[in-house]
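Chains A and B are the protein sequences, given in the same order. Going by this note's numbering, the first residue of the first sequence is number 1, and it counts up by one from there. Going by this note's numbering, the first residue of the second sequence is number 507, and it counts up by one from there. Idealized CB from N, CA, C, for every residue including glycine. To keep things clear, I will list the structure first and then write my remarks on it.
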Amino acid sequence: MTETRAQLEFQAVLDAAVDAVILIDDRGHVETFNRAAERMFGWAAAEIIGQNVSVLMPGTDRRNHDGYISRFISTGEARIIGTGREVEAQRKDGSLFPALLAVGEVAKSQPRRFVGMLHDITIRNHALNALRKSESLLRAAQSIAGIGNFELELGRQDSAHWSDEIPRLLGRPKSEVPHDMDDFIRHVVHPDDRRRFERDWRRTVAELGQLELECRLLRADGDIRTFEVRIQIDSGAQGPVATGTLHDITARKLAEEEVRQSESRLTHFARLSTMGEMAAGLAHEINQPLTAIATFAQAATRMLASPEGISRDDLDEALQQITTQALRAGEVIRRLRSFVKNREISHQPVDCNRLIEDSRLLVEADARINDVRLEIKSALSLPPVNADPVQLQQVLINLIRNAIDATLETPGARRQVSIVTGLTPEGLIELAVVDHGHGLSAEAAEHLFNPFFTTKSGGTGLGLAISRSIIRAHNGRLSHRTTPGGGCTFYFTLPTLDALINTNQS
Amino acid sequence: MKEKIPTIIVVDDDEAVRSSLKLLLKSVGLPVETYASAQEFLDRFDSDRPGCLVLDIRMPCMSGLELQERLNTLHAMIPVVFITGHGDVPMAVEAMQHGAVDFIQKPFRDQDLLDRINQALEKDHDNRAGLKQRDAIRGRIADLTPREHEVLELVTAGKANKVIAGDLNVSQRTVEIHRARVMEKMGASSLAHLVRMVIAAGDETHP
């Protein structure tokens, strides 16, 4: 049989088709079954031709298919022809797969014949499911993390797309979520943060750059929450496009604040307990001027009552000394108060030599009552460090107190503690407290910086642990070495203010 | 010998306390000297001068207690009034055990301090009077002849003339004469008086 050109062309189209192409007659019997259909259903064309096409269908469709055809033929009412729909198909081995089915009628054919084309949509469905899954995961993740994202096309009106989490985060119904960034800034950003937000936003848009800032946002109920906002501006076809995230960090901020506060309370507690240890020396330091005041005043009273009359010079001296000694006692109390006061940490340029001078009155009292000599060997001038002066003083006083305690058993000539300042070859400020005491036992050296480890009977064991964390917070290092000839030297190093600024800039 | 005027010596390392004490003592007409350290005081110390010490118990290098110990080893009899801080009561007790007259806590009422100083000056006066008497007795003992010295020892040991005569191998009459000379030279009114003087002269009667 010779095949016509049309037949050959038809066969080529059938063979090349990716979709299954199946021709049936008015009773549903398969007439043509192309290669793609063979691959899709696992039937060979030779096996299936002549069988009812319903074998390719599962369940209800298989039972009703003959009815579908006869209803169409008798009523002309098309349910599927020309529209196409998603169906379930069955392979020869019984397994099912989703397919998109399009059905057409072969024109001018007697008996009437129909053509079906099937497209396997297994992969598409998988992809769709994966997409749905991924979207729901994203929604859950956003909800758990308190993060929402958005996209704004800056050149187009009402182009804002906010993720589902955003209304929840902002405590507003979807309809009240801002429609653009100006609206967002005007109604959602906290008034105190508005200027900064707007300035940064404008700059980022102009630079097509990135923005990361912390600001307070207002919920509809007036509640204020802290957010981290990140925005990236890219150029799009219609103008700049902003994509970004809103991250509610209120809880984290609160936790950070709580940690900060309890650290500050602990540091303050350590300062108070250091002062407690120094109480005897300080009491003595205040009692001395009080004694002088009382004695001068009583001497003056006696002079006034004396029959020999008054020496103006003596009376003058008494009164002047009363003033001087009252101020001296006041100065001890002032230094004491400024050391133990609970206050906010504030970093400022600090001259370490000046710091030693400021601590001198307090530690000298302690040294004197313990009969320990205090020697100060400061470098002539030192560049300033960036520090909280009271916290640094706390570390210094703690180290000096430890040195004095370590010296208590030491005989006369070596009962000396030296405070030495200098600049290391690396350009760091070093402050060292040198004693000639009993040195450190192996056990003490190992546990030195552990909280609650102490070798003193009344010690809290917090001094060195807190001192080290203070120095760390100042970008410095606290350590110790053996003093040549015996004893221990504790020292800390700090970067200079200039070095700190340079690092931050680079 | 002319009686020297007693001086109050203040040793305190705190300049203000020191000069306030100086002014107070001056205002009641007491001669006063002040020193900033125990060593400075020791360098100038003259045990022949009457007076008393007002001593800060806490001082660097040599504390008040250490100075008291030094003075005790020097057999210096100058009475000490300690001035102490609030926390120094145990040290003050130790000072009392080592012979301090009294202690007073800073800050103090001037009258309390002056009372203690007067008490110390009295003690110094008595000490010095006792010392003077002892020196006088020792001088008299030194004036006895060797034989009279022997008789003194035996008499004050409680021996009867007869026993002494036997011990020295002389007549009882000779003993009586020596004994009368001893009583006269020593200025003793009775045997009991003589015994008291020998005790007051102390160990140094037997060189």
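Contact set between residue i and chain B, taken where Cβ atoms lie within less than 9 Å
i      : result
P289/A : D520, A522, V523
I369/A : R564, G591, G593
D435/A : Under the 9 Å cutoff, chain B gives no residues; its nearest Cβ is about 17 Å from D435/A.
D314/A : L529, K532, S533
T410/A : By Cβ distance, chain B contributes nothing, its closest Cβ being about 14 Å from T410/A, past 9 Å.
Listed by chain order, chain B residues near residue i by CB distance under 8 Å
i      : result
E317/A : S525, L529
L298/A : Note on residue identity: the sequence assigns Gln, not Leu, to residue 298/A. Simply L530, R615, D616.
Q321/A : A522, S525, S526
T483/A : Simply none; closest approach about 22 Å.
V460/A : According to the sequence provided, residue 460/A is Thr. The question's Val does not apply to it. The premise fails here: T460/A is roughly 21 Å from chain B at the closest Cβ pair, so nothing lies under 8 Å.
Beta-carbon neighbours of residue i, restricted to chain B and to distances below 7 Å
i      : result
F490/A : Those do not exist, as F490/A stays about 24 Å from chain B at its closest Cβ, beyond 7 Å.
A280/A : G593
Q325/A : A522
D407/A : Looking at the sequence itself, residue 407/A is Thr, so the reference to Asp does not match. The premise fails here: T407/A is roughly 13 Å from chain B at the closest Cβ pair, so nothing lies under 7 Å.
Own chain partners of residue i with C-beta closer than 8 Å, once the 5 adjacent residues on each side are dropped
i      : result
E214/A : T226, F227, E228, V229, I249
F609/B : I563, V587, F588, I589, T590, A598, A601, M602
M303/A : I310, S311, D314, L315, A318
L96/A  : P58, E88, A89, Q90
L208/A : I233, D234, S235, P240
N624/B : none
Opening and closing residue of the alpha helix (DSSP H) in which residue i lies
i      : result
E446/A : 442 to 447
G636/B : 616 to 649
A465/A : 463 to 473
T75/A  : 59 to 75
V657/B : 652 to 662
A522/B : 521 to 533
A666/B : Unbroken run through A666/B: none, as it is neither H nor E.
Contacts that residue i makes with chain A (C-beta to C-beta distance below 7 Å)
i      : result
H714/B : Because chain B here runs from 507 to 713, residue 714/B falls outside it and cannot be looked at.
S533/B : A299, R302, M303, S306
Cβ shell of residue i (< 6 Å), same chain only, five flanking positions each side left out
i      : result
R335/A : L361, L362
Q394/A : R271
V184/A : This sequence places Phe at residue 184/A; Val is not what is there. Answer for F184/A: P178, listed in chain order.
V21/A  : L14, N34, M117
L374/A : E364, A367, V417
P713/B : Here the model assigns P713/B a pLDDT of 38, short of 50, so the residue's position is not dependable, and the following value carries that caveat. Closer than 6 Å at Cβ, skipping near neighbours: no residue.
P585/B : C558, V607, A626, K629, D630
Where the beta strand (DSSP E) containing residue i begins and where it ends
i      : result
I231/A : 224 to 236
V538/B : 538 to 541
T482/A : 477 to 482
L246/A : 239 to 248
L23/A  : 20 to 25
Contacts around residue i, its chain only, beta-carbon distance under 7 Å, and the 5 residues preceding and following it disregarded
i      : result
I643/B : M703, A706, A707
G276/A : none
E682/B : N667
T493/A : T424, L428, I429, E430, G476, R477
CB-CB length for residue i against residue j, believed under 8 Å
i      : j      : result
N398/A : H347/A : The pair is not a contact, with the Cβ atoms about 19 Å apart (cut-off 8 Å).
E654/B : R687/B : 6 Å
L571/B : V517/B : About 12 Å separates the two Cβ atoms, so there is no contact after all.
I293/A : Q325/A : 5 Å
T291/A : P613/B : 4 Å
M508/A : L152/A : Chain A is shown only over 1 to 506; residue 508/A falls outside these bounds and no answer can be derived.
L280/A : G535/B : Residue identity check: residue 280/A is Ala in the sequence provided, not Leu. So it is not a contact: roughly 37 Å between Cβ atoms.
L327/A : S359/A : With a Cβ gap of about 19 Å, L327/A and S359/A do not count as contacting.
T482/A : V434/A : Contact doesn't hold; Cβ gap of about 10 Å is too wide.
G463/A : T267/A : So it is not a contact: roughly 11 Å between Cβ atoms.
I404/A : N370/A : 5 Å
E9/A   : R113/A : About 18 Å; that fails the 8 Å criterion.
A406/A : C488/A : 6 Å
I515/B : F547/B : 7 Å
L254/A : L169/A : Actually they do not touch by this definition, with Cβ atoms about 16 Å apart.
I322/A : A297/A : 6 Å
Interface flag, residue i vs chain E, CB-CB below 8 Å
i      : result
A292/A : Absence of chain E from the displayed structure is noted, the protein chains being A and B.
Neighbour list for residue i in chain A, Cβ cutoff strictly below 8 Å
i      : result
K629/B : Simply none; closest approach about 23 Å.
K612/B : N287, Q288, L290, T291
For the stretch 292 to 356 of chain A, which segments carrying the beta strand (DSSP E) assignment without a break, of at least 3 residues, lie completely within its bounds, in sequence order?
348 to 350
At 3 residues or longer, what runs of the beta strand (DSSP E) sit wholly inside the stretch 355 to 432 of chain A?
373 to 377, 385 to 387, 416 to 423
Curious, which full-length beta strand (DSSP E) runs of at least 3 residues does the stretch 174 to 229 of chain A contain?
210 to 218
Uninterrupted alpha helix (DSSP H) stretches inside the stretch 563 to 598 of chain B (no shorter than 4 residues):
570 to 579
Entirely within the stretch 93 to 161 of chain A and at least 4 residues each: give me those alpha helix (DSSP H) ranges in chain order.
122 to 145
In chain order, which continuous runs of the alpha helix (DSSP H) of length 4 or greater are located wholly inside the stretch 681 to 709 of chain B?
697 to 707
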